[in-house]
RNA sequence: GGUCCUAUAGCUCAACAGGAUAGAGCAACAGUUUUCUAAACUGUAGGUUCUAGGUUCGAUUCCUAGUGGGACUGCCA
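Residue numbers (the working numbering): 7 to 601.
As structure tokens, then:
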């Protein structure tokens, strides 16, 4: 809340003055006044009745009177039951708007790393990845806006059995197909062979079962499974032919991913590859063994005992000496800390890995690494479809590229039916459809609290009315339209930069609320950064857009009869536009100049 | 079995360290354009916040126990 520190200070003083009791300013709790009551800030006095030894209303009144007298900040108060509602002097808002304090924003030196996306290279990205990517990208922007030095990192799971499955299927059944020869996007082509593998493998298993072989044995002994394992072994020993195929096919996938990332408007500062990092972490495991923090079983496997932390025994290295998933993460974390000396390492990863990241932290803690508590798991929940869970086996996975294309196509249909855009040539129009379509999609996903499982309804995701991205974009475009109109008139034009004095402005109700919204921006960003919650920025943008639409409906901005009012409203509108654009920017959403 | 997440209007979501009569949007119904973009605005209706206890001035929020949904608990990643 704006001025919250000042107000808390005033209340602390009042309590001291009245009851001779000192309270820490930080202990004072204030909140925004509910809109059905008069006032801006509410102080709940119930907890202080023991000190005041008066009724709730009496206490509220006493404190209210002192607060109003002692500062120009508060213009009046209302005591309703135990609630002290304070009205902030309108002039204070106006002054804060007209004469903004210079931001002393300094960037913290140690970087914050945000890891997101983390794809496998055996199939294209899907809706689940989109939630991950949008959250990660938005979070990086929010944290950057809050004064952090951000490094966006991606770790690509580019090796392993799953990759070999696509490779083998392509080798056996691919007829040398390439993205060029087929016109299929690289990641989709590789994904196609992953599916082919599964189909052929199932055939083999079924056929073996028909010959009386048990399912278990068939699944392990099917020729394709044996071939895949052989291929993986060859990969690990550096077999040239396998490595070459691997590089080629991964190359196709990266070309495909790049297109998807680009359409989503996201990027990375550094990309790590699991093929480079999967061997890391072994020294960490060895060091842990030496220290006696880990232990070795008779078969040679290495474990850590986390039962004292409420978890279980956890495997860190296989009996044959090879790494498991977490070993790699141990190594990568240390690698990154050595490279960046990060202040925070934020992993944007689905909540199915909550346990994994708990273990990761605790292992470092037990080892005494200084950065164990700088590791954060930004956990997000799954995305469901109206038909239920997404299941790749049942083909109900929503493909990222399809979704993006549909969203944009829908934006085009709707925009054309509005018929407002004759001024745009084709290229501009296409860009606008992209802006609006992606605005709808991104907002739809980011407005939901990451912790919550969310339902993805394709029909609603492309909505443009109500609590949606395009609604906010529309408010922005309307303001730009006003500003264009103002810019075309010589006398009005100058009003945009006219220096106004506090005493000239008496804001109307909606104007006051817009002032509050504008002044609230930085704090919203800070809160979103602290809580790792893009949804707060989304809510802010929606509220502000809604307020502006109401204001727009009730008032005329450009009125040649009233230059002061026009100047103020133009300046306020411009500021609202920039707040909306900035808020959407933090969500990775672009704004249109008209729509 | 154990651990964790989750449950709010018909639907999708809010509700900031516990605060006033639990709010938005969609869908439904009824209105508002000679005016800067109606992709907008206004109104009506819609709730025992999963259940039962507890903590206190006050609980959607915290605690306990259930129930529904989900995840994890692999020498998979």
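Cβ coordinates follow ideal geometry from the N, Cα and C atoms, glycine included. None of these values were measured; they are calculated from a predicted model.
CB contact flag (residue i, residue j, <7 Å)
{"i": "residue 299", "j": "residue 373", "result": "yes"}
{"i": "residue 540", "j": "residue 144", "result": "yes"}
{"i": "residue 127", "j": "residue 164", "result": "yes"}
{"i": "residue 453", "j": "residue 387", "result": "no"}
{"i": "residue 57", "j": "residue 22", "result": "no"}
{"i": "residue 501", "j": "residue 573", "result": "yes"}
{"i": "residue 37", "j": "residue 84", "result": "no"}
{"i": "residue 154", "j": "residue 114", "result": "yes"}
{"i": "residue 192", "j": "residue 244", "result": "no"}
{"i": "residue 283", "j": "residue 356", "result": "no"}
{"i": "residue 482", "j": "residue 597", "result": "yes"}
{"i": "residue 228", "j": "residue 207", "result": "yes"}
{"i": "residue 321", "j": "residue 330", "result": "yes"}
{"i": "residue 530", "j": "residue 546", "result": "yes"}
Rounded straight-line distance, which links the Cα of residue j to that of residue i
{"i": "residue 559", "j": "residue 484", "result": "11 Å"}
{"i": "residue 66", "j": "residue 526", "result": "26 Å"}
{"i": "residue 50", "j": "residue 111", "result": "33 Å"}
{"i": "residue 210", "j": "residue 591", "result": "51 Å"}
{"i": "residue 277", "j": "residue 264", "result": "12 Å"}
{"i": "residue 455", "j": "residue 138", "result": "13 Å"}
{"i": "residue 327", "j": "residue 151", "result": "44 Å"}
{"i": "residue 89", "j": "residue 76", "result": "20 Å"}
{"i": "residue 437", "j": "residue 198", "result": "30 Å"}
{"i": "residue 86", "j": "residue 136", "result": "47 Å"}
{"i": "residue 579", "j": "residue 48", "result": "28 Å"}
{"i": "residue 319", "j": "residue 310", "result": "6 Å"}
{"i": "residue 179", "j": "residue 186", "result": "17 Å"}
{"i": "residue 604", "j": "residue 316", "result": "Here the chain comprises residues numbered 7 to 601, so residue 604 is not present and cannot be evaluated."}
{"i": "residue 238", "j": "residue 307", "result": "21 Å"}
{"i": "residue 589", "j": "residue 181", "result": "50 Å"}
{"i": "residue 233", "j": "residue 240", "result": "10 Å"}
{"i": "residue 511", "j": "residue 498", "result": "18 Å"}
{"i": "residue 548", "j": "residue 100", "result": "23 Å"}
{"i": "residue 119", "j": "residue 140", "result": "16 Å"}
{"i": "residue 169", "j": "residue 381", "result": "29 Å"}
{"i": "residue 562", "j": "residue 345", "result": "56 Å"}
{"i": "residue 427", "j": "residue 418", "result": "11 Å"}
{"i": "residue 200", "j": "residue 175", "result": "7 Å"}
{"i": "residue 222", "j": "residue 477", "result": "55 Å"}
{"i": "residue 267", "j": "residue 274", "result": "10 Å"}
Where residue i falls, given that 16 or more other Cβ within 10 Å makes a residue buried
{"i": "residue 509", "result": "exposed"}
{"i": "residue 30", "result": "exposed"}
{"i": "residue 421", "result": "buried"}
{"i": "residue 248", "result": "buried"}
{"i": "residue 62", "result": "buried"}
{"i": "residue 147", "result": "buried"}
{"i": "residue 444", "result": "buried"}
{"i": "residue 536", "result": "exposed"}
{"i": "residue 494", "result": "exposed"}
{"i": "residue 643", "result": "Beyond the ends of the chain as shown, which are 7 and 601, falls residue 643; an answer cannot be given."}
{"i": "residue 429", "result": "exposed"}
{"i": "residue 467", "result": "buried"}
{"i": "residue 52", "result": "exposed"}
Secondary structure of residue i, DSSP reduced to three states
{"i": "residue 375", "result": "coil"}
{"i": "residue 38", "result": "strand"}
{"i": "residue 89", "result": "strand"}
{"i": "residue 581", "result": "helix"}
{"i": "residue 153", "result": "coil"}
{"i": "residue 404", "result": "coil"}
{"i": "residue 430", "result": "coil"}
{"i": "residue 555", "result": "helix"}
{"i": "residue 262", "result": "helix"}
{"i": "residue 276", "result": "strand"}
{"i": "residue 299", "result": "coil"}
{"i": "residue 158", "result": "strand"}
{"i": "residue 184", "result": "coil"}
{"i": "residue 43", "result": "coil"}
{"i": "residue 50", "result": "strand"}
Those runs of the beta strand (DSSP E) which lie wholly inside the segment 304 to 392 and span at least 3 residues: Here the runs fully enclosed are 308 to 311, 319 to 323, 350 to 356, 381 to 386 and 389 to 391.
Can you list the beta strand (DSSP E) stretches of 3 or more residues lying completely in the segment 67 to 133, in chain order? 80 to 86, 89 to 94 and 118 to 121
Start-end ranges of the alpha helix (DSSP H) lying completely within the segment 447 to 495, minimum 4 residues: List check, alpha helix (DSSP H) in window: 464 to 467 and 475 to 493.
Identify every run of the alpha helix (DSSP H) within the segment 210 to 258, keeping only runs that are complete inside it and at least 4 residues long; order them along the chain. 221 to 227 and 229 to 242
Give, in chain order, every unbroken run of the alpha helix (DSSP H) that is at least 4 residues long and sits entirely within the segment 9 to 33. 10 to 25
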